[in-house]
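This report refers to the structure that appears directly beneath it.
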Amino acid sequence: MVIFYCLINRITMLLLELHKHQKLAAKRHPMFDKNKFGKYSMYFMALFWMGYLLFIGIMLGIIIPDANPAMEGYHTFNKGIIFLLAIDFLLRFPLQTSPVQEMKVYLLFPIGKKKLIHFLLFKNLLSPYNLLWMFLLVPFSLAVITRLHGVSGILLYLIGWWLLFLANNYFYTFCRTLIKEHILFILLPILTYAALITLFFTTDQFSYCCMNLGESFILGNPLGYLSVLAVIALFWWLNRVVIEKVMYKELSKVEDTKVKHLSEYKFLDHFGEIGEYMRLELKMIFRNKSCRNLFMLAIAVMIMMELMLLTPTYDGPIGKDFVCTYNFIIFGAMFLSRLMGYEGNYIDGLMSRKESIYTLLRAKYYLYSIITLLPLFAMLAMVIHGEITLLKVLSSYFIGIGLTYFLFFQLAIYNTKTVPLNTTIMGKQSMNNGFQSLISIAAITLPILLSILLRYIVGDTIGQIIILLIGFTFVAFSHLWIRNIYHRFMKRRYENMEGFRNSK
Amino acid sequence: MITIEHLKKTYGEKVALDIEQYTVQEGDLLGLVGNNGAGKTTLFRLLLDLLRPDNGSASIDNTDVSMSEEWKKTTGAYIDDSFLIDYLTPEEYFYFVGKMYNLTKEEIDERLVHYEQFMHNEIIGQKKYIRNFSAGNKQKIGIIAAMLHEPKLLILDEPFNFLDPSSQSAIKHLLKEYNERTHATILVSSHNLNHTAEISKHIVLLEDGKIIRDIDNAQQTAEKELEDYFEIRKISPESVDTLENKL
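Going line by line, the protein sequences match chains V and L.
The opening residue of the first sequence carries number 221 in our numbering; numbering runs sequentially from there.
The opening residue of the second sequence carries number 519 in our numbering; numbering runs sequentially from there.
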């Protein structure tokens, strides 16, 4: 009994200590004070989503029984369990970090590695995110379950759902750890959910199975809970195994000690100093894990965007605006929003050489404008297929590398946080200040708003010509605005260098 | 060559550097010594315009370093690994740095021959990114990159750190030879009194951000003075006895 008490006491202490460290890490982050905008907008968004989920829950409680009176409301709802789990899984990406990211600092302490992994997985279980959907489920179950099963039915139902979200949580942790190791693992959740959703549409058995699971929760049938607990236990075990493996890999860092093939990009020799910086950028993208993964992700999103054009959902002009615009800014959004952040790793070396930042900015502009030709060529296939006009493609390209890149390049002045080049599983949290967030939002939304507005005022064709001209003007005068950005960067250089050093 | 006027840098309450006036003559090989937190690295960062001074200025060849970038063409520096682009191989990094100073690959290769002994066959042709080299070899890469364009002013922070004894000896010879051959001004900080005294023409002792001694080492007499200074800070066995008796 005493041993058990001591053990529980130790686990609690460790959990509290880890929790305290996590809070301190956020509070003492160099960007914390600069991030008031982000903080308040986050609180606002949280309140908004809580209210929104409550509203949806109430509405579902009213609509579902009316829509299908032949069946209990909760039965209809439970049939679609898989959709709620898919949305939940998707939302975890921006909202939830992997527990393995916290591990490194604790590895030298006298705590067993396995024990540490278990602690972190347990802590993950207590994440408030796992309770988010209760804002939807509580009003819904109050409306549809109370009549037949009373309060106990509601409680049992909510516990069942909580367990389902926990299972999803550990599946997400498992996938996220693997994705950090290789981007192709993103196929694991995509294929899993795609297979389950296909089952939903192709067989009735699957949806009935989901319905029965939901009912077993309400009735307090232990089989229902045990089946979900078994899934949780399976993913807990898988997570432990995977985390332990990647943790050692991360610590030993033996991946590229001997490089087999060194890319030289010799064609860039003809472009002097700018060519040298373009070569540096290419090497940065392809020799560093986080940049390489980002590039692959950009390619994947680009292909997805192209395919979206073939679906009827994006048949209208706004849908085409959306796909075209984002297709051309995807590389910019991924790399240029972090402008100078990667260079923060060797900022002193750059700053001790004359005008190297100016040349670097120009090289980056030319290189990303060239890389943006990839979606342009891919889009030409859609032009031939008749999905979109050539004018639309050209105007989207030029507004992308013109106005949007102009806006993204402003971030070179305001980004003051070093972005790790090779962080894999022990990543750092990214944090922007309000102004950076505003620039990013403007860069992403302005072109699409401009397109919609011009179509409304002057019609589609003239609107696209105007957009093309605006984009082209920004491109033609790029040397001027890059020079201006360089001068403004130099005025803020001490502040920026301090920020890069502090966040390294 | 270097003029410092009322240069001051504070971090909150702590004064990291406070130098009223100091001049480094062209062709000097100046050693900078002092305990941890004395202000050596802060001084170097201020000289390289990597930090904003709270007051005063530092000038290289009569140009305030914060007002122009011209001095960067003729200055070479290595302070720490934030100078290194670690996803390049050493060769790529040398060529990259060379390009910044309009040096061709052939010229770089030619100049690298001079550093062969210092590199000890552990740097060139390894097919490894800089990030995978040991701390000592990274230090060597940084030092060589700072010297490749034969700068008129060379600033090295703790160049003996992480180096094995034979590399420490090699860098000493390299710096002395470079100073004699090119008449470049060299500023070197170090905790190693022997090495600093052996190569420096002048030695400046920094303490709490202030220059407390400026020692002429033309006759190689600074080491004794420095040792005496740092010995004062040690508690001798006699002092311990006296303290115990008092207690």
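Where a beta carbon is used, it is the ideal one built from N, C-alpha and C, also for glycine.
Cβ atoms of residue j and residue i: under 8 Å apart, would you say?
| i | j | result |
| --- | --- | --- |
| Ile-567 (chain V) | Ser-685 (chain L) | no |
| Leu-711 (chain L) | Val-551 (chain L) | yes |
| Ile-505 (chain V) | Arg-512 (chain V) | yes |
| Phe-384 (chain V) | Leu-305 (chain V) | In the sequence as displayed, the identity of residue 384 (chain V) is Leu instead of Phe. Going by C-beta atoms, Leu-384 (chain V) is nearer than 8 Å to Leu-305 (chain V). |
| Lys-690 (chain L) | His-709 (chain L) | no |
| Gly-293 (chain V) | Leu-356 (chain V) | no |
| Tyr-578 (chain V) | Phe-555 (chain V) | no |
| Cys-430 (chain V) | Asn-298 (chain V) | yes |
| Tyr-162 (chain V) | Tyr-617 (chain V) | Look at the range of chain V in this structure, 221 to 724, and you will see that residue 162 (chain V) is not part of it. |
| Ser-575 (chain L) | Ser-586 (chain L) | no |
| Glu-563 (chain V) | Lys-617 (chain L) | no |
| Lys-503 (chain V) | Leu-561 (chain L) | no |
| Phe-720 (chain V) | Thr-665 (chain V) | no |
| Leu-341 (chain V) | Trp-456 (chain V) | yes |
| Leu-631 (chain V) | Gly-691 (chain V) | no |
| Ile-608 (chain V) | Cys-544 (chain V) | yes |
| His-741 (chain L) | Ala-715 (chain L) | The question names His, but residue 741 (chain L) is Glu in the sequence shown. Yes, these two residues count as a Cβ contact at 8 Å. |
| Leu-700 (chain V) | Phe-629 (chain V) | no |
| Ile-717 (chain L) | Leu-723 (chain L) | no |
| Val-462 (chain V) | Leu-398 (chain V) | yes |
| Leu-666 (chain L) | Ile-626 (chain L) | yes |
| Leu-458 (chain V) | Phe-394 (chain V) | yes |
| Leu-627 (chain V) | Ala-583 (chain V) | no |
| Leu-433 (chain V) | Gly-444 (chain V) | yes |
| Tyr-377 (chain V) | Phe-303 (chain V) | no |
| Ile-374 (chain V) | Ile-538 (chain V) | no |
| Lys-656 (chain L) | Met-637 (chain L) | no |
For my contact list, residue i and residue j are in at a C-beta cut-off of 8 Å; report their separation, rounded to the angstrom.
| i | j | result |
| --- | --- | --- |
| Leu-547 (chain L) | Lys-719 (chain L) | 5 Å |
| Leu-674 (chain V) | Gly-683 (chain V) | 3 Å |
| Arg-712 (chain V) | Ile-659 (chain V) | Actually they are not in contact, since the Cβ atoms of Arg-712 (chain V) and Ile-659 (chain V) sit about 15 Å apart, beyond 8 Å. |
| Phe-309 (chain V) | Tyr-392 (chain V) | 6 Å |
| Ile-603 (chain L) | Leu-500 (chain V) | 7 Å |
| His-701 (chain L) | Gly-545 (chain L) | 4 Å |
| Ile-331 (chain V) | Tyr-390 (chain V) | Not a contact, Cβ separation roughly 21 Å. |
| Lys-596 (chain V) | Val-613 (chain V) | The amino acid at residue 596 (chain V) is misidentified as Lys; the sequence shows Leu. At roughly 7 Å, the Cβ-Cβ gap stays under 8 Å, so Leu-596 (chain V) and Val-613 (chain V) are in contact. |
| Lys-645 (chain L) | Val-479 (chain V) | 5 Å |
| Lys-532 (chain L) | Ser-707 (chain L) | Actually they are not in contact, since the Cβ atoms of Lys-532 (chain L) and Ser-707 (chain L) sit about 19 Å apart, beyond 8 Å. |
| Pro-683 (chain L) | Ile-641 (chain L) | Actually they are not in contact, since the Cβ atoms of Pro-683 (chain L) and Ile-641 (chain L) sit about 18 Å apart, beyond 8 Å. |
Beta-carbon of residue i versus every beta-carbon of chain A: anything under 8 Å?
| i | result |
| --- | --- |
| Ile-597 (chain L) | Absent from the structure is chain A; the protein chains it does hold are V and L. |
For a contact meaning CB atoms closer than 7 Å, what does residue i contact in chain L?
| i | result |
| --- | --- |
| Tyr-714 (chain V) | Leu-569 and Arg-570 |
| His-508 (chain V) | The sequence shown places Asn at residue 508 (chain V), rather than the His named in the question. The answer, in chain order, is Tyr-605. |
| Leu-641 (chain V) | Tyr-605 |
| Met-717 (chain V) | Leu-568 |
Run down chain L in chain order and give the residues with a C-beta less than 9 Å from the C-beta of residue i.
| i | result |
| --- | --- |
| Tyr-566 (chain V) | Asp-599, Ser-600, Phe-601, Leu-602, Ile-603 and Asp-604 |
Whose Cβ in chain V lies nearer than 9 Å to the Cβ of residue i?
| i | result |
| --- | --- |
| Lys-728 (chain L) | Per Cβ cutoff of 9 Å: no residues; Lys-728 (chain L) is ~23 Å from chain V at best. |
| Leu-525 (chain L) | Ordered by position in chain V, no residue passes the 9 Å Cβ test against Leu-525 (chain L), which lies about 15 Å from the chain. |
| Lys-690 (chain L) | Within chain V, no residue comes near Lys-690 (chain L); the closest Cβ sits about 24 Å away, beyond 9 Å. |
| Leu-566 (chain L) | Asp-568, Met-571 and Ser-572 |
| Lys-670 (chain L) | Here the premise fails: no neighbours, minimum Cβ distance about 14 Å. |
Residues of chain V with a CB under 7 Å from the CB of residue i: which are they?
| i | result |
| --- | --- |
| Glu-587 (chain L) | Lys-574 and Glu-575 |
So with CB distances below 8 Å, who are the chain L contacts of residue i?
| i | result |
| --- | --- |
| Met-270 (chain V) | Under the 8 Å cutoff, chain L gives no residues; its nearest Cβ is about 41 Å from Met-270 (chain V). |
| Leu-482 (chain V) | Thr-607, Glu-610 and Lys-645 |
So which residues of chain V does residue i contact, with C-beta pairs closer than 8 Å?
| i | result |
| --- | --- |
| Lys-590 (chain L) | Ser-572, Arg-573 and Lys-574 |
Open item on the list: Under 7 Å, CB to CB, which of the residues in the region 600 to 629 of chain L have a partner in chain V?
Closed with: Ser-600, Phe-601, Leu-602, Ile-603, Tyr-605, Leu-606, Thr-607, Phe-614, Lys-617 and Met-618
Task: Meets three-Cβ-pair contact criterion under 8 Å: the region 578 to 595 of chain L and the region 532 to 541 of chain L - done: no
Task: Any 3 or more C-beta pairs closer than 8 Å across the region 559 to 574 of chain V and the region 567 to 576 of chain L - done: yes
Open item on the list: Output needed in chain order: residues of the region 484 to 518 of chain V with a Cβ under 7 Å from some Cβ in chain L.
Closed with: Glu-493, Glu-496, Leu-500, Lys-503, Met-504, Arg-507 and Asn-508
Open item on the list: Can you confirm whether the region 662 to 679 of chain L touches the region 606 to 618 of chain L when touching is taken to mean that 3 or more C-beta pairs between the two stretches lie within less than 8 Å?
Closed with: yes
TODO: Decide yes or no for the touch test of the region 596 to 613 of chain V against the region 632 to 648 of chain L: beta carbon pairs closer than 8 Å, at least 3 of them.
DONE: no
Task: Three CB pairs or more closer than 8 Å across the region 369 to 377 of chain V and the region 338 to 354 of chain V - done: no
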